[in-house]
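There are 2 protein chains.
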Amino acid sequence: MEDGLNLRSRQILEAIIEDYISTAEPIGSSAIRSRHGLSLSPATIRNVMADLEELGFLSSPHTSAGRVPTEKAYRFYVDSLLAVGGVDRGEREEIRRRCTMAGKDVEGVFRGVSQMLSSVSHYMGIVAAPSFNSNVFRQIEFIPLGGRRILAILVSQSGSVQNRIVELERDISADDLQKMTNYLNEMLHGLTISQVKGKIVREMEGERARYDEMLANALRLSQQALDDVGEEIFIEGQANILDLPEFADVQKMKDIFRAMEQKSQLLTVLDSCLKAPGVNIFIGSESHLNSMSGLSMITSTYVSGKNTLGVLGVIGPTRMGYGKVIPIVDYTARMLTRMLHVD
Amino acid sequence: MEDGLNLRSRQILEAIIEDYISTAEPIGSSAIRSRHGLSLSPATIRNVMADLEELGFLSSPHTSAGRVPTEKAYRFYVDSLLAVGGVDRGEREEIRRRCTMAGKDVEGVFRGVSQMLSSVSHYMGIVAAPSFNSNVFRQIEFIPLGGRRILAILVSQSGSVQNRIVELERDISADDLQKMTNYLNEMLHGLTISQVKGKIVREMEGERARYDEMLANALRLSQQALDDVGEEIFIEGQANILDLPEFADVQKMKDIFRAMEQKSQLLTVLDSCLKAPGVNIFIGSESHLNSMSGLSMITSTYVSGKNTLGVLGVIGPTRMGYGKVIPIVDYTARMLTRMLHVD
DNA sequence: GTTAGCACTCGGCCGACAAGAGTGCTAAGT
DNA sequence: ACTTAGCACTCTTGTCGGCCGAGTGCTAAC
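If you're matching them up, the sequences are chains A and B in order. Under the numbering used here, the residues of the first sequence are numbered -6 to 336, in order. Under the numbering used here, the residues of the second sequence are numbered -6 to 336, in order.
Encoded structure:
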């Protein structure tokens, strides 16, 4: 075999991985034979297992336990062994049913998809909403809230709505506010949000802003409104992992919950997926986050035209059911792509 | 003593409760004396403890363990024993610093307060945002998203923004959309959201809607936009409770996380607080939610003028530091009230 | 190359045992 | 009548040894 494993080794490795995925317990030599109907004696299987351990695919918790797949084994499994199936009918229907925008706010759409992913996969769902910065500006509105507070509402082409409360240093008349609104909407039309940010900075430094006080105010106001529009990540179904036996240990559970609170770390991983379209799989330490030890992540990107909008996926234990989850993630990404598509 | 406990019993009960709050371990007779400098022998204390157990204030896990306060004891403690202090300087500053609206969206304000509550109290923070239904309508905008999708943005007097994606059955011109917007804004001006809902239903059944198709469309659209604006609850700092020894048991931890996922149950409790202004304390089963066993909740209301807007609070173990947390919750509620106040 | 046989290893489980914490009771002291 | 010293009793916790079973690695025979 081109990858250095003969057929029998591959079969046995596959059997071990699949058994381990379903039981979460170390697999012994005789368990494999009985559960997979191989016509080999346990002794032979043991020999093969010893080789596989030598090669780094298996490890044993202690001498007299069975063997457990390593990350390398899972990687080999998803790359070479796994026949990725389809999504079965019921699940397809469920995904389709729960991928709907009607009656939700934009944020709710992504949260809903994340919830759906978690409940279909039985692991955690994760959705990174489209980066607001790469969205195209559509409209800005300022609504006076009383006092010197103003509510700025910013809408992008894709329908994302951001609102910010900004505090002014001085009073401003409703009339002036309207003028500022009109001015900004005209000036910023058709730019992406990050272009908008740049433009505002340039304008503020430009000649005109120095003489036109109202313009300067408008720019300052919009800058505050755009300040710190971070990426949003929706992680749902954390309670699902509570039932997994590998996290029965309280300490491990704590680690995971802490890790999921640190969304910025996850963001860097998800960002890297933006550049790699289609399904991506991170097994354990492959994501280079030590908070992800024991966890795997399957992601895919959703797009609009040729723009990659965002990433969604499932986070589960390394022994997750890759064969089932990969198609679910893939299908969901396609659904979300289609859903966001404007005719 | 009017409540049936003489001074010494009260002192001892207080000592037990406070020791238990800080150690989470059953308190023995000699521990009390050494830690509180009482000039009584352990034997005497034991007699008193036996009486307190008789009265239902204490219980012992088993014969030879110390004693543990019951819910009744905590209730007595907060009602009669506890001298509620102030908030100390550092915490007051922290609360003040983190109660700010600037640069956040409205939702972010409440989430921020919830996070602050959790980090100051070291338990979980909970904030129920003002019920959108009781807010006053300010403005509605429809933004075409392409296809037959329309983004409806609804803004209330207090600055809450709700957005919904609605799907139309037929195409509609931008011009008509603008007319509908103007019409609705005029018609609904100054009503509360729940009045708005009622008004729309009445109008739809009225004479005019039958002849004026555009009007009918406008009503239908706004109805969808208003559909199902639920109450929002922000629970933050769940990871805090992971460190508490009483939840070291995995099963209990699961129960709590599951309970916090069911926000609707909590909502009923919080709703009942809306009617009782000021600080409310629910000890264990007092909230009549069995998911709250082992947990206590301290809440207070934040108001605007004479309207109670919402509820915030802290959820922690029944043995939580009431003396510290009660003033924190109280002070935070006042801060939020002041913050939302429009000059 | 495969397999039966066998000695070996190691974790999990039980029961025994000792230590420690805390109680309740009794009897003596104030 | 209240307080307290003394003491026997109870119950948990931790530790130690032994047994069992699962699973391995090795060797020798097929």
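Positions of the beta carbon are idealized from the N, C-alpha and C atoms, including for glycine. On a predicted model such as this, the values are computed, not experimentally measured, just so you know.
- Around the beta carbon of E225(A), a 10 Å sphere encloses 16 or more other beta carbons of the protein chains shown; the residue is thus reported as buried.
- For P310(A), the beta-bridge partners assigned by DSSP are L288(A).
- For F125(B), no CB of chain A lies under 7 angstroms from its own CB, so it is not counted at the interface with that chain.
- Between the stretch 98 to 116 of chain B and the stretch 228 to 245 of chain B, the count of C-beta pairs closer than 8 angstroms reaches three or more; the two stretches touch.
- Chain A places a beta carbon closer than 7 angstroms to that of V154(B), counting this residue as a contact.
- Taking a beta-carbon distance threshold of 7 angstroms, E18(A) does not count as an interface residue toward chain B.
- The beta carbon of F240(A) is closer than 7 angstroms to those of I234, M246, I249 in its chain, skipping five residues each way along the sequence.
- Counting only runs that start and end inside the stretch 175 to 235 of chain B, the beta strand (DSSP E) elements of at least 3 residues fall at 226 to 229.
- Any Cβ of chain A closer than 7 angstroms to the Cβ of V129(B) would place that residue at the interface, and such an atom is absent.
- The criterion of a C-beta distance shorter than 7 angstroms is satisfied by S187(B) and N126(B).
- As far as DSSP is concerned, P35(A) takes part in no beta bridge.
- Contact fails between the stretch 61 to 77 of chain A and the stretch 296 to 307 of chain A, because fewer than three Cβ pairs, one in each stretch, are under 8 angstroms apart.
- The Cβ of D98(B) sits closer than 7 angstroms to at least one Cβ of chain A.
- Annotation for G118(B): no alpha helix (DSSP H) segment contains it, though the beta strand (DSSP E) segment containing it runs 117 to 121.
- Scanning its chain for C-beta atoms nearer than 7 angstroms, with the 5 sequence neighbours on each side dropped, one finds around A211(B) the residues M173, Y176, L177, in chain order.
- Judged by their CB atoms, I20(B) and I38(B) are not nearer to each other than the 7 angstroms cut-off.
- In the DSSP secondary-structure assignment, K97(A) is bridged to I158(B).
- Judged by beta-carbon spacing, M94(B) lies beyond the 7 angstroms limit of V106(B), meaning their Cβ atoms are not closer than that value.
- Membership of V148(A) in the beta strand (DSSP E) is indicated by the continuous run 142 to 149.
- In this structure, V318(B) places its C-beta atom within 7 angstroms of the C-beta atom of V307(B).
- In chain order, F227 place their CB closer than 6 angstroms to the CB of R104(A), counting only its own chain and leaving out the 5 sequence neighbours on each side.
- Annotation for P238(B): A17 place their beta carbon closer than 7 angstroms to its own, counting only its chain and skipping 5 residues before and after.
- If you compare the alpha carbons of G49(A), A36(A), V120(A) with that of L267(A), the shortest gap goes to V120(A).
- Counting other Cβ atoms within 10 Å of its Cβ, T56(B) stays below 16 and is therefore classed as exposed.
- Among the residues facing chain A, A66(B) is not included, as its CB has no counterpart in that chain under 7 angstroms away.
- Considering only beta carbons, the part of the stretch 218 to 236 of chain B lying closer than 8 angstroms to chain A consists of D220, D221, Q231, A232, L235, D236, in chain order.
- Using a Cβ-Cβ cut-off of 7 angstroms, A209(B) does not count as an interface residue toward chain A, since no Cβ of chain A sits closer than that to its own.
- Going by DSSP, F275(A) is part of the beta strand (DSSP E) stretching over 273 to 276.
- Remark: C-beta atoms of L144(B) and A218(B) do not approach each other more closely than 7 angstroms.
- Around K299(B), no beta-carbon contact reaches into chain A at under 9 angstroms, the shortest distance being about 17 angstroms.
- Contact annotation for R157(A) against chain B: G96, K97, D98 [CB-CB distance below 8 angstroms, chain order].
- Interface residue (Cβ-Cβ distance to chain A less than 7 angstroms): E254(B) is classified as such.
- Residues of chain A whose Cβ lies closer than 9 angstroms to the Cβ of K245(B) do not exist, since the nearest Cβ in that chain is about 10 angstroms away.
- By the Cβ test, the stretch 149 to 161 of chain A is in contact with the stretch 130 to 140 of chain A, since at least three Cβ pairs between them sit closer than 8 angstroms.
- With a threshold of 7 angstroms between beta carbons, L333(A) makes no contact with chain B.
- Counting along the chain, the unbroken beta strand (DSSP E) around G139(A) starts and ends at 130 to 139.
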